[in-house]
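In terms of UniProt numbering, the sequence shown has 82 at position 82, counting the first letter as 1, and numbering is strictly consecutive.
Positions of the beta carbon are idealized from the N, C-alpha and C atoms, including for glycine.
Quick notes on the structure that follows.
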Amino acid sequence: EFLELKPFNYMLGPSLQVLIQTGARFPPCMRNITHMPSTQKYICINATTAEAIQTSSFLSLFDSANETITSNRTSELMFEPSVCSLEDICGFGGFANPKEPDQAFRFFTPLFVHSGLVHWSLNLLALAQLGFKLERLMGGWRFGVAYVTSGIFGNVFGANFASPTTPTLGCGASVFGLMGCSAIDLALRWNDMKQPLRHLTKLTVFTSK
């Protein structure tokens, strides 16, 4: 589904489960982690139970299928939910070795995946304000290299600090990388620019947003 309604995605986009299958940075799909081992079974995407439907509380793919099924057997209203492997959740044809998640390309794909129209619009606005001028200064190829390299490095760096089961997506890392390029350009051309303090103030305000 393009728009997740239950629970409602305020960014006007699909569910996190769908975003994972379209390329969000999701560590369990990239390497073995203790929080979501590749040998465990999980609730399939969009799988619900009778009780979940009545209470509008939907199961998450982060729920262990074994624990859910065991608890469901205590209620006559519950149906046994379908289960999926981590490969099924991650998509993209799974892993070369089912026990070894290896989707390292997820450091790159999140640059082109957004949580919804609101998220995409905000990133597009930031690129429009910053990217056009910077591209004219750097040239198309250099701008593209800076954009992609900053995004990949930001995803690699951020993966060391983010929650291991939190999907991450968007081109925010690339935008901040371009801000860094603008700051370097300002520093190198400080004496040649008119009113460099004004440019520094604008860049600082833009970055703080």
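For residue i, name the three-state secondary structure that DSSP assigns.
i: LEU3; result: coil
i: ARG31; result: coil
i: PHE8; result: strand
i: THR168; result: strand
i: VAL83; result: strand
Out of curiosity, what's the CA-to-CA distance linking residue i and residue j?
i: GLY139; j: PRO14; result: 35 Å
i: GLY94; j: GLY177; result: 31 Å
i: SER163; j: GLN17; result: 16 Å
i: VAL156; j: VAL83; result: 30 Å
i: LEU19; j: VAL175; result: 20 Å
i: PHE206; j: LEU130; result: 9 Å
i: THR149; j: ASN123; result: 17 Å
i: LYS6; j: LEU111; result: 26 Å
i: GLU100; j: ASN191; result: 54 Å
i: ILE43; j: PRO196; result: 56 Å
i: GLY154; j: PRO28; result: 18 Å
i: LEU3; j: PRO167; result: 17 Å
i: ASN32; j: GLN21; result: 18 Å
i: ALA104; j: ALA159; result: 12 Å
i: PHE108; j: CYS171; result: 10 Å
i: PHE132; j: LYS202; result: 16 Å
i: LEU11; j: HIS199; result: Per the sequence shown, residue 11 should be read as Met rather than Leu. Approximately 32 Å, taken between the alpha carbons.
i: THR165; j: ARG142; result: 34 Å
i: SER85; j: THR204; result: 46 Å
i: ASP102; j: ALA96; result: 7 Å
Need the endpoints of the alpha helix (DSSP H) that residue i sits in, please.
i: TYR147; result: 140-158
i: MET179; result: 172-188
i: ARG198; result: 196-208
i: GLN103; result: Looking at the DSSP string, GLN103 is not in any alpha helix (DSSP H), and its letter there is neither H nor E.
i: LEU19; result: 16-21
Counting C-beta neighbours from all protein chains within 10 Å, is the total for residue i 16 or more, i.e. buried, or is it exposed?
i: HIS114; result: buried
i: ARG25; result: buried
i: LEU169; result: buried
i: SER38; result: buried
i: GLY180; result: exposed
i: ALA173; result: buried
i: GLY23; result: buried
i: LEU137; result: exposed
i: ILE89; result: buried
i: GLY151; result: buried
i: residue 213; result: Residue coverage of the chain in this structure runs from 1 to 209, which leaves residue 213 outside it and unanswerable.
i: ARG189; result: exposed
Measuring from the CB of residue i, is there a heavy atom of the ligand MN at a distance below 8 Å?
i: LEU200; result: This structure lacks the ligand MN; in fact it carries no ligand of any kind.
Just checking: is the beta-carbon of residue i within a distance shorter than 9 Å of some beta-carbon in chain B?
i: GLY151; result: Protein chains in the displayed structure number just one, and chain B is not present.
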